[in-house]
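Notes follow once the structure below has been shown.
2 protein chains.
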Amino acid sequence: MEQHEISKAVIRRLPRYYRYLGDLMDAGVERISSAELSAKMNVTASQIRQDLNNFGGFGQQGYGYNVKYLYNEIAKILGLDNVHNLVIIGAGKLGQAIANYSSFEKRGFIIKAMFDNNKDYFGRKVGDIEIMNVDELSDYLSNNNIDIAAITVPKEAVNPIADILVKCGIKAVWNFAPVDLELPKGIIVENVHLLDSLMQLSYNLTEYEHTR
Amino acid sequence: MEQHEISKAVIRRLPRYYRYLGDLMDAGVERISSAELSAKMNVTASQIRQDLNNFGGFGQQGYGYNVKYLYNEIAKILGLDNVHNLVIIGAGKLGQAIANYSSFEKRGFIIKAMFDNNKDYFGRKVGDIEIMNVDELSDYLSNNNIDIAAITVPKEAVNPIADILVKCGIKAVWNFAPVDLELPKGIIVENVHLLDSLMQLSYNLTEYEHTR
DNA sequence: TAGATTGTTAATCGATTAACAATC
DNA sequence: TAGATTGTTAATCGATTAACAATC
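Chains as they are written, first to last, in the working numbering: chain L, 793 to 1004; chain R, 793 to 1004.
Right, here's the structure in full:
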């Protein structure tokens, strides 16, 4: 059966559905209709049903969706039923912030090690996670089952790091440096550009001042 | 003259254009055609021209675009010709990472103060930026010209903070907590959901493994 | 002037919304 | 069974791409 390509817009919304369903579950809600969820999330009920039906029929006519079931199904779609091992490259404040953030671990993203080129850091720990010499990165990746590398180094340091990652067969890169990383086909890249986000905010702020 | 609404998709691309033009400027490139830029950025030349023409005609037939001029014009569109004063609420690792990140200051985003509820932090500094008692937030906002508040506190702490910010007339909030903040109309909210981003990465990773 | 490349209109494509038959 | 609400098809809307006349 030929599966049609799911659009990026849909995939961007999945974690949001997941978050709201998690909150509903915590609140003890057992079932919800697309109309009710629509009201909470400020999206149309139609869009919710369309989005979900890309992956299967998770609801029941006349009833709606079972919150817990849908929550778990979305988790599967997002691959959260598998554990993913991460390393963080760059042990500065941002790398440490990520290492510290317990919600990642809760969703199966396990941070195994951090790397830096500053020898003052070597051997220190962030929580349980050891900071290692970046010279050992290549060896480490060869001997451990790491799926994802988070890059939190300065712009200039990204390319040499990326070369090592590609050479060692990394599957995915979560990049925080302000460059659009180009890696060989098949390697997933997810960029987080904080400055871009702040500039979008600034645009909206400026826009607002212009038009009122 | 009635100005038509610019779509979010366009606004999301502006910082990216800005970034590439900055790189070109640094590389000493004086002019560029939409076709050349298109090749570098993996977008169509048509889209570049359409996007820019939402804001004005910045190019010249037969010549292309002057890199420096276009760079500065986009800066104006994004509101980067004005200085924006920020406070950071939440002095944990993520707040510190943002406080430390010099690129923000370079673009006119000036971090004035940080706030936390943990008294161990009070009076400490991150770089030049003092960490204050969150009880003083309201007073501080009243007496200083702050446009933007970055929120880097845990989920549970967001709503009381948001109430204070709204009461003190904050213009924009840059929210890092995993909730979709609902503020009164006119207040700009930009959410950065790192876990959502990681889940999208996970989806793509899983997708890839399914379909090859 | 001839060549290049924009600005802009028209065509296409894809995503969102509406509508409703299927069905619990 | 009647009512509710999904899954899904069709209609609409908006964004992207193509094409080309305008013009430097």
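The beta-carbon is built from N, C-alpha and C at its ideal position, and this holds for glycine as well.
query	result
Boundaries (first-last residue) of the alpha helix (DSSP H) holding A867(R)	V859 to I869
Simplified DSSP assignment, three categories, for L878(L)	strand
Residues that A964(L) contacts on chain R, provided the C-beta gap is smaller than 9 Å	L993, S994, N996, L997 and Y1000
Residues, ordered as in the chain, of the stretch 853 to 886 of chain L that lie near chain R by beta-carbon distance below 8 Å	I869, L870, G871, L872, N874, H876, G884, K885 and L886
According to DSSP, residues forming a beta bridge with M924(L)	F907(L)
Cβ-based contacts, 9 Å cut-off: residues of the stretch 831 to 852 of chain L near chain R	M833 and N834
Continuous alpha helix (DSSP H) assignments of at least 4 residues falling wholly in the stretch 923 to 984 of chain L	929 to 935 and 950 to 959
Straight-line gap, Y861(L) to N892(L) (C-alpha atoms, nearest Å)	30 Å
Distance between beta carbons of M817(L) and V859(L), contact taken as under 8 Å	5 Å
Integer-rounded CB distance, given that A941(R) should sit under 8 Å from E922(R)	Not a contact, Cβ separation roughly 16 Å.
Through-space distance from D939(R) to V875(R), alpha-carbon basis	9 Å
Three or more C-beta pairs below 8 Å linking the stretch 825 to 842 of chain L and the stretch 953 to 968 of chain R	no
Rounded straight-line distance, which links the Cα of I903(R) to that of E828(R)	37 Å
Below-8 Å beta-carbon distance, E982(L) vs any chain R residue	yes
Alpha-carbon to alpha-carbon, Q852(R) and F968(R)	41 Å
Cβ-based burial, S994(R) [other Cβ within 10 Å; buried from 16]	buried
Short CB-CB distance (under 8 Å) between F896(L) and chain R	yes
R899(L), buried or exposed, once every other Cβ within 10 Å from all chains shown has been counted against 16	buried
Start and end residues, alpha helix (DSSP H) containing E897(L)	S894 to K898
Unbroken alpha helix (DSSP H) run spanning Y812(L), endpoints	K800 to D818
Nearest-angstrom beta carbon gap, P807(L) and L870(L) [assumed within contact, 8 Å]	7 Å
Where the alpha helix (DSSP H) containing R841(R) begins and where it ends	A837 to N845
E822(L) burial status per 10 Å Cβ neighbour count (16 or more: buried)	exposed
Exposed unless 16 or more other CB atoms sit within 10 angstroms - verdict on H985(R)	buried
beta-carbon T944(L) near the ligand ATP non-hydrogen atom, thresh 7 Å	Among the components modelled here there is no ligand, and therefore nothing to report on the ligand ATP.
Sequence-distant residues of its chain with Cβ nearer than 7 Å to G887(L) (five each side left out)	I880, M906 and T944
Contact set for D908(L): own chain, Cβ-Cβ below 7 Å, skip 5 residues either direction	G882, A883, I923 and V926
For Q852(L), the three-state DSSP class (helix, strand or coil)	strand
Neighbour list for R811(L) in chain R, Cβ cutoff strictly below 9 Å	P970, V971, D972, H985, L987 and D988
C-beta atoms of R811(L) and Q992(R) nearer than 8 Å	no
Distance, G849(R) Cα to S838(R) Cα	14 Å
Neighbour flag for A949(L) against chain R, beta carbons, 8 Å	no
Chain L contact for R804(R) (CB, 8 Å cutoff)	yes
CB contact below 8 Å: N936(R) versus chain L	no
Interfacial residues, the stretch 908 to 932 of chain L to chain R, with Cβ spacing under 7 Å	none
Per-residue contacts from I943(L) into chain R (C-beta, under 7 Å)	Those within 7 Å of I943(L) in chain R number zero; the least Cβ separation is about 12 Å.
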